[in-house]
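Novice:
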Amino acid sequence: AQRVTQPEKLLSVFKGAPVELKCNYSYSGSPELFWYVQYSRQRLQLLLRHISRESIKGFTADLNKGETSFHLKKPFAQEEDSAMYYCALSGTGGGNKLTFGTGTQLKVEL
Amino acid sequence: KAGVTQTPRYLIKTRGQQVTLSCSPISGHRSVSWYQQTPGQGLQFLFEYFSETQRNKGNFPGRFSGRQFSNSRSEMNVSTLELGDSALYLCASSLGFVSTDTQYFGPGTRLTVL
């Protein structure tokens, strides 16, 4: 069975402070990991995926297979980063089935 | 390019009734997935359709069903509604049947069961 755990429901940081949103997963094979974001009154959208090894809006995430983690990081938080962040996993058996974590609400305070 | 559209946006039904939700994917996308979002369970996968065939299914009772048409539009149906079916139902489309494909989500249909 595949599972994604996001231990923090709410993370509050000050503008300019570093951000780390935690994500741990459980999967027997080699998963595809994603971060999705939902800004206020907007649709759920892809932020980044581990296979691309990219930085989007200053965010990065590294897949650590030893610790089964895929934490999302940003060195300096901005007010516009306030949103709901979901970590998601897709198995390699084909298809687009995503298993989501429960999400972390990031609040960036001035 | 128009995004994923879902109709209706809001629905109110009573227990025992059935409901049909519709999803129009982005033009050219052939895969459609459905998710249920509730405060208690979060986002849960319902099923995925690709080329008019159900390819993946989540752990939901048989009251939840779906289909996909030749133009890739998809519908999901919930029969014999229960109070616990009240949720936001999200549809997502992607180009193909590859796990690394980007999924594009619709705005959702908010279903309330009274």
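Going down the list, the protein sequences come from chains A and B. In terms of the numbering used here, the first sequence is residues 17 to 126. In terms of the numbering used here, the second sequence is residues 430 to 543. No residue lacks a Cβ here, since even glycine has one placed at the ideal position from N, Cα and C.
1. Anything in chain B within Cβ reach of F86(A), meaning under 7 Å, just list it in chain order.
2. Quick one: Cα of K113(A) to Cα of A99(A), how far?
3. Starting from N40(A), follow its DSSP beta bridges and name the residues at the other end.
4. Could you run through the stretch 42-59 of chain A and flag, in chain order, every residue whose CB is less than 7 Å away from some CB of chain B?
5. If we ignore side chains and look at the alpha-carbon of each, how far apart do S499(B) and H87(A) end up?
6. Leaving aside the five residues before and after L517(B) along the sequence, list all residues of the same chain whose C-beta is less than 8 Å from its C-beta, in chain order.
7. Which residues of chain B have a Cβ atom closer than 7 Å to the Cβ of Y101(A), listed in chain order?
8. Do we get a CB-CB distance below 8 Å when we pair T434(B) with the residues of chain A?
9. Beta-carbon of R438(B) versus every beta-carbon of chain A: anything under 8 Å?
10. Three-state secondary structure (DSSP) at G513(B)?
11. Leaving out five residues before and five after F479(B) in sequence, what residues of the same chain have Cβ atoms less than 7 Å from its Cβ?
12. Using CA coordinates, which residue listed in L126(A), F116(A), E125(A) is at the minimum distance from C39(A)?
13. Would you please verify whether the beta carbon of Q532(B) is less than 8 Å from any beta carbon of chain A?
Specialist: Concretely, from the data shown:
1. Within the first sequence, the letter at position 70 stands for residue 86(A). Within chain B, no residue comes near F86(A); the closest Cβ sits about 14 Å away, beyond 7 Å.
2. Reading the first sequence from its first residue, position 97 is the one you call residue 113(A). Reading the first sequence from its first residue, position 83 is the one you call residue 99(A). Roughly 23 Å between the two C-alpha positions.
3. Translated into positions along the first sequence, residue 40(A) becomes position 24. According to DSSP, N40(A) bridges with T21(A), S85(A).
4. E48, R59
5. On the second sequence, position 70 is the one that residue 499(B) refers to. On the first sequence, position 71 is the one that residue 87(A) refers to. So the two alpha carbons sit approximately 40 Å from each other.
6. Taking the second sequence and counting its residues from 1, the one referred to as residue 517(B) is at position 88. Around L517(B): Q465, Q466, T467, G537, T538, R539, L540.
7. Mapped onto the first sequence, residue 101(A) falls at position 85. Simply none; closest approach about 12 Å.
8. Here residue 434(B) refers to the residue found at position 5 of the second sequence. No, its Cβ sits nowhere closer than 8 Å to a Cβ of chain A.
9. Position 9 of the second sequence holds residue 438(B). Cβ-Cβ to chain A under 8 Å: no for R438(B).
10. Position 84 of the second sequence holds residue 513(B). Reduced to three states, the DSSP call for G513(B) is helix.
11. Numbered from 1 along the second sequence, position 50 holds the residue referred to as residue 479(B). For F479(B), where only same-chain residues beyond five positions count, the Cβ hits under 7 Å are R459, S460, F526.
12. Taking the first sequence and counting its residues from 1, the one referred to as residue 39(A) is at position 23. Per the Cα distances, F116(A).
13. In the second sequence, the residue the question calls residue 532(B) occupies position 103. Chain A contact via Cβ: present.
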